[in-house]
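Novice: Following this message is one structure expressed as structure tokens.
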Amino acid sequence: MKLTSAEAAKLLRRLNDERDSLVLLENRSATFVAAIQEDLESVRPAYDYEQTQKDIAAKNEQIRKVKHAINVFNTTTEVEGTGMTIDEVLVYLSQLTAARSRYDQMRARLPKERINNFGRGSQIIEYTYANYDVEKAAEDYSRISDEQAKLQTALDVTNNTKTMEIVL
């Protein structure tokens with residue numbers, strides 16, 4: 003079947019949910035409690051050990067195939083206009099997020115900020131000085147934010163338009 007990356011991600015979520023449901027059902031029906039005077043067969047929940055194991059193994063195999071297809075797609079498909087594959091873009095987006103967070107903190111600093119020494123008994127007034135240009139940090143924050151937004155949009159277009167082949 004031909005799927006986009008976005009569709010494959012939804013398929014993967016569905017397969018994981020189905021497998022988790024099988025495991026939950028197994029956990030609830032593999033054992034049961036009965037009083038001594040009860041007829042065991044009348045309270046025994048429906049459960050087929052062999053079939054359940056086969057069903058879980060089949061779901062796990064489908065999950066492996068979808069994950070593999072997504073991984074191959076991510077390492078071989080280039081995001082248009084970036085010169086990077088999807089997996090490189092994902093790493094780069096993470097790096098941009100970290101840089102954006104740093105710049106966000108740096109742009110919020112005052113160039114000179116008084117330190118509160120009350121309670122230490124000191125009469126000396128101290129200041130913390132930014133050892134960089136706060137305005138430059140604000141510019142870099144905006145630049146990184148814009149780059150991150152453009153990159154995310156390009157990735158979204160790729161994930162919603164280019165297809166991969168998945169054989170289940």
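If you read the sequence shown in the numbering used here, its first letter stands for residue 3, the second for the next number, and so on.
Note that beta-carbon positions come from the ideal geometry of N, C-alpha and C, so glycine has one too.
Taking the beta carbon of Asn161 as the centre, do at least 16 other beta carbons fall within 10 Å, making it buried, or is it exposed?
Specialist: Within the sequence shown, numbered from 1, the residue matching residue 161 stands at position 159. Classification of Asn161: buried, given that the 10 Å Cβ count is 16 or more.
Novice: Rounded to whole angstroms, what's the CA-CA distance from Ala101 to Arg109? Just pull it up for me.
Specialist: Within the sequence shown, numbered from 1, the residue matching residue 101 stands at position 99. Within the sequence shown, numbered from 1, the residue matching residue 109 stands at position 107. So the two alpha carbons sit approximately 12 Å from each other.
Novice: Indicate the three-state DSSP secondary structure (helix, strand or coil) for Val45 in the structure shown.
Specialist: Taking the sequence shown and counting its residues from 1, one reaches residue 45 at position 43. The answer is helix: DSSP assigns Val45 an H, G or I state.
Novice: Who does Val81 pair with in a DSSP beta bridge?
Specialist: Counted from its first residue, the sequence shown places residue 81 at position 79. For Val81, which the question treats as bridged, DSSP gives the partners Met86.
Novice: Around the C-beta of Ile117, are 16 or more other C-beta atoms found within 10 angstroms, so that it is buried, or is it exposed?
Specialist: For the purposes of this step, residue 117 is identified with residue 115 of the sequence shown, where counting begins at 1. It counts as exposed.
Novice: So, are the CB atoms of Ala8 and Ala71 less than 8 Å apart?
Specialist: Numbered from its first residue, the sequence shown carries residue 8 at position 6. Numbered from its first residue, the sequence shown carries residue 71 at position 69. No. Outside cutoff.
Novice: Can you round the beta-carbon distance between Leu153 and Tyr94 to whole angstroms, since I take them to be within the 8 Å contact cut?
Specialist: Walking along the sequence shown from the start, residue 153 turns up at place 151. Walking along the sequence shown from the start, residue 94 turns up at place 92. Between Tyr94 and Leu153 the Cβ distance is about 7 Å, and since that is below 8 Å, they are a contact.
Novice: Just curious, the alpha helix (DSSP H) that Tyr143 is in, first and last residue?
Specialist: Mapped onto the sequence shown, residue 143 falls at position 141. Element bounds for Tyr143: 136-163.
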